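Trainee: Got a structure for you, questions after.
Structure (structure tokens):
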């Protein structure tokens, strides 16, 4: 049994433009739930002669209508955890038992 002691938000980030033509990103919380951190790791990636670090988290949350749909549409939503924004890489039904969903996400560094 997983211990759900952390809170995460699934957010939708949209870019809107005001009457002056200035674009701004607006974040809307679509779903909020309790989760447990399954894995947390850092990877160093070498790209164009620079070394960058990626934080990758796996969150386990309860299976519900929202998380079931998340398995098919991971690009629409992002995860907000401890004030940090994460892009969702994948969402899988843990053990195919329809009890938990594992959401794998990588931290967005340009915020």
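In the numbering used here, the protein residues as written are 138 to 248.
Backbone N, C-alpha and C fix where the C-beta goes; we use that ideal spot for every residue, glycine too.
The structure presented is a predicted model; accordingly, all values stated were derived computationally and were not measured.
Which value, in whole angstroms, describes the spacing of the CA atoms of residue 228 and residue 193?
Mentor: Translated into positions along the chain shown, residue 228 becomes position 91. Translated into positions along the chain shown, residue 193 becomes position 56. Between residue 228 and residue 193, the C-alpha separation is close to 13 angstroms.
Trainee: Please report the residue range of the beta strand (DSSP E) in which residue 205 lies.
Mentor: For this step, residue 205 is matched to residue 68 along the chain shown. Where residue 205 is concerned, there is no enclosing beta strand (DSSP E), although the alpha helix (DSSP H) it sits in stretches over 202 to 207.
Trainee: Spatial neighbours of residue 241 within its chain, please: C-beta separation below 6 angstroms, excluding the five flanking residues on both sides.
Mentor: For the purposes of this step, residue 241 is identified with residue 104 of the chain shown, where counting begins at 1. Apart from sequence neighbours up to five positions away, the residues of its chain that approach residue 241 with a beta-carbon distance below 6 angstroms are 195, 226 and 227, ordered along the chain.
Trainee: For residue 177, which residues of its own chain have a beta-carbon under 6 angstroms away from its beta-carbon, when the five flanking residues on both sides are left out?
Mentor: Here residue 177 is taken as the residue at index 40 of the chain shown, counted from 1. Excluding its 5 nearest sequence neighbours in each direction, residue 177 has C-beta neighbours in its own chain below 6 angstroms: 194, listed in chain order.
Trainee: Is it buried or exposed, residue 153, if we count other Cβ atoms within 10 angstroms and call 16 or more buried?
Mentor: Here residue 153 corresponds to residue number 16 of the chain shown, with the count starting at 1. Residue 153 is exposed by the Cβ-count criterion.
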